[in-house]
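Per the numbering used here, the sequence shown starts with residue 1381, numbered consecutively.
Backbone N, C-alpha and C define an ideal beta-carbon position, used for all residues, glycine too.
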Amino acid sequence: MKIAVLPGDGIGTEIVAEAVKVLNALDLPFEMETALVGGVAYEAYGHPLPEATLKLAKEADAVLFGAVGDWKYDTLDRPLRPEQAILGLRKNLGLFANFRPAICYKQLVGASSLKPELIAGLDILIIRELTGDIYFGQPRGRRVATDGHFPGAQEAFDTMRYSRPEIERIAHVAFQAARKRSKRVTSVDKANVLETFQFWRDVVTEVSLQYPDVELDHMYVDNAAMQLVRAPKKFDVLVTGNLFGDILSDEAAMLTGSIGMLPSASLNASNQGLYEPSHGSAPDIAGKGIANPLATILSAAMMLRFSLNQEAAAQRIETAVKQVLAQGLRTADIFSEGTTRVSTLEMGAAVVKAL
Ligand code: NAD
């Protein structure tokens, strides 16, 4: 089991170090190799995704990624900015399925802005298609309008498009994920207005015939946005396109109130994946030893589950995380009165001890 470890910038190095300690504590035959990515790679090699890093990622079964970015790079040409490394990895590894679980641990119910009864026990999985939709559709650009409401005026345009194979493969991913959970999929679209998403709905419905044991329903994206804050526990697996998924996965993440707790995975057709916390490099707290490593540790658990076929080890990590929360240990971002504030290192050590 070969893991490419790419800590990146800011708190990335601090949180990935703790996840690596947790992985080592499992005593499984991992081969881990570390490489530079993001701003630190730009400083060292003049590019945020150097050839050697990309090669390592391609050869590995999975990539454990910290975070990239710092405001000091915001003036660089776009292709050289740290965030381009993630896009480059997605493209080169063919990562088309993004998994974002939103789980509300009972000890952290108070961190949510929703009422405890709405959120306690929440466990939903948002699956976002990652390589198509209006983000990548061609043509796009600026031009002078020849028709529309203001002919002759400058305008900008993008193209929303999805092909049948793109929809089919993400639908399969969603149905298969639902089989490991409570066997319900909600497909989110805008079929009432958009041709692309009427097609999406038709194809998802066709694919569902191969999964008679999984219940499928469809929901318009505007309603889904409402239901996520009204009754989020009604959902199990939610599958949607790139644009809607971008927005809804952030909304769902915030239901739990604690960004330092949220893992994510991006997978390709052969289950090779990139695993990273849902948050960024947090330059405001980097180097202070206070970042929450749990999102990264839980991302490592997802890596064991989805890319390395080590379900038991994944569950061991998840149970250990629940135990340290039950012990009242909290990093600053999830601290509340009556709990014990710990550093990044102490939190990592507590998870290792619980394992
Ligand atoms: P951010 O997620 O880095 O931080 C937002 C806020 O949450 C900050 O106050 C930060 O201190 C806090 N926070 C984030 N993770 C935390 C953790 N593990 N523990 C405790 N607190 C945590 O978002 P931002 O500030 O908008 O962006 C900072 C940089 O990160 C930017 O350069 C941005 O481009 C980059 N970024 C990278 C990724 C990625 O690598 N996938 C994702 C988002 C943003």
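Does the beta-carbon of residue i have 16 or more other beta-carbons within 10 angstroms, so that it is buried, or is it exposed?
i     : result
F1530 : exposed
M1599 : buried
L1408 : exposed
T1676 : buried
G1728 : buried
M1606 : exposed
E1398 : buried
T1455 : exposed
R1544 : exposed
Q1518 : exposed
E1423 : exposed
Which same chain residues end up closer than 8 Å to residue i when comparing Cβ atoms and leaving out the 5 residues on each side of it in sequence?
i     : result
T1511 : R1470, K1471, G1474, L1475, F1476, E1546, N1622
R1710 : S1716, T1719, T1720, R1721, V1722
V1434 : Before going on, a small fix: residue 1434 reads as Leu here, not Val. Around L1434: G1468, L1469, N1472.
E1595 : K1563, R1564, V1565
K1330 : Beyond the ends of the chain as shown, which are 1381 and 1735, falls residue 1330; an answer cannot be given.
When the Cα atoms are used, what is the spatial distance from residue i to residue j?
i     : j     : result
T1526 : A1536 : 12 Å
F1611 : K1668 : It should be noted that the sequence gives Ala, not Phe, for residue 1611. Distance between the alpha carbons of A1611 and K1668: 38 Å.
Y1425 : P1657 : 25 Å
C1484 : L1678 : 13 Å
Q1707 : E1439 : 39 Å
E1726 : M1641 : 16 Å
F1577 : A1557 : 22 Å
A1649 : A1437 : 15 Å
S1661 : I1670 : 13 Å
G1392 : L1674 : 12 Å
A1694 : I1504 : 17 Å
V1584 : S1562 : 18 Å
I1697 : P1643 : 13 Å
P1496 : T1636 : 10 Å
N1651 : G1528 : 45 Å
L1403 : A1680 : 7 Å
D1593 : R1559 : 8 Å
P1428 : S1638 : 28 Å
N1603 : P1430 : 43 Å
Within 7 Å: the Cβ of residue i and any heavy atom of the ligand NAD?
i     : result
H1659 : yes
W1451 : yes
I1550 : no
N1404 : no
P1459 : no
G1761 : Nothing about residue 1761 can be reported from this structure: the residues present for the chain run from 1381 to 1735 only.
R1466 : Per the sequence presented here, residue 1466 reads as Ile, with Arg not at that position. Yes, since a heavy atom of the ligand NAD falls inside the 7 Å radius drawn around the Cβ of I1466.
D1527 : no
D1664 : yes
A1680 : no
Looking only at its chain, what residues have a beta carbon closer than 7 Å to the beta carbon of residue i, apart from the 5 residues adjacent to it on each side?
i     : result
A1405 : V1732, L1735
R1520 : F1537, D1538, T1539
G1532 : V1524, A1525
L1494 : V1609, L1635
Excluding sequence positions up to five away, which residues of its chain have a Cβ less than 6 Å from the Cβ of residue i?
i     : result
V1601 : V1568, K1570, F1624
L1705 : Y1485, Q1487
E1691 : R1685
R1480 : I1506, S1629, S1644
R1522 : A1536
Using a Cβ-Cβ distance cut-off of 8 Å, determine whether residue i contacts chain B.
i     : result
N1672 : No chain B appears in this structure, which consists of one protein chain only.
> Do the stretch 1482-1497 and the stretch 1451-1462 touch if we need at least three Cβ pairs shorter than 8 Å?
Replying inline: no
> Would the stretch 1602-1621 and the stretch 1399-1413 be scored as touching if the rule is three or more Cβ pairs under 8 Å?
Replying inline: no
> Does the stretch 1682-1690 come close enough to the stretch 1440-1458 to have 3 or more Cβ pairs within less than 8 Å?
Replying inline: yes
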